[in-house]
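A quick write-up on the structure given underneath.
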Amino acid sequence: MRDLAYRLKVVKDEEIKNQVSEIIGEVVNNFNEGEYRMARELMDESWNDISLIIYKAYSVGKKNGYTKKGFLEMADRLEENIKDKAEEKRARLQESIEMKPKPTEPVVEQVEPKPVEPKPTETQPSPAPAEGNTSSPQQATPQ
1 MRDLAYRLKV
11 VKDEEIKNQV
21 SEIIGEVVNN
31 FNEGEYRMAR
41 ELMDESWNDI
51 SLIIYKAYSV
61 GKKNGYTKKG
71 FLEMADRLEE
81 NIKDKAEEKR
91 ARLQESIEMK
101 PKPTEPVVEQ
111 VEPKPVEPKP
121 TETQPSPAPA
131 EGNTSSPQQA
141 TPQ
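Just so you know, we're using full-length UniProt numbering here: the sequence shown kicks off at 1 and counts up by one.
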């Protein structure tokens, strides 16, 4: 954008400057509205045309250059083309927003905590091994 603004400073005719500014205005408006992706796509698609029209604006009124009338007609066509692209992109963006399912908020249930029951402090003795059951190999005697 800075490059285009710098190039536009070289053009001397105010009417032509205003016309080119209107063409760039659609892209600038999208940036100002926060539609960065759309503005960037418009700029990418129209960069060559905008650069060409600014280049041709240099030659308006010169000996072998464009006439003012021819330039303004060409600029009007380009402006319409950019506005049509912007409207098409807005429609596609709106359509994609409407098609996406809206996220539902998770239902959060309020659960009251259960009261904690106190644990008994007495320890129970572990069960003793049965008397006839000795599993240690040292005590086993062959029969």
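Heads up, the beta-carbon is just placed ideally off N, CA and C, and yes, glycines get one too.
Compute the distance between the beta-carbons of residue i and residue j, then report whether it is under 7 Å.
i, j, result
"residue 78", "residue 53", "yes"
"residue 30", "residue 39", "yes"
"residue 42", "residue 85", "yes"
Return the first residue and the last residue of the alpha helix (DSSP H) that residue i is part of.
i, result
"residue 22", "14-32"
"residue 70", "68-99"
"residue 112", "Unbroken run through residue 112: none, as it is neither H nor E."
"residue 41", "36-58"
"residue 11", "Taken as a continuous stretch (DSSP letters only), residue 11 belongs to no alpha helix (DSSP H), as it is neither H nor E."
Are there 16 or more other CB atoms within 10 angstroms of the CB of residue i, so buried, or fewer, so exposed?
i, result
"residue 46", "buried"
"residue 26", "buried"
"residue 93", "exposed"
"residue 60", "buried"
Have a look at residue i and residue j and give me their C-alpha separation to the nearest angstrom.
i, j, result
"residue 98", "residue 115", "48 Å"
"residue 88", "residue 63", "39 Å"
"residue 65", "residue 20", "17 Å"
"residue 69", "residue 16", "10 Å"
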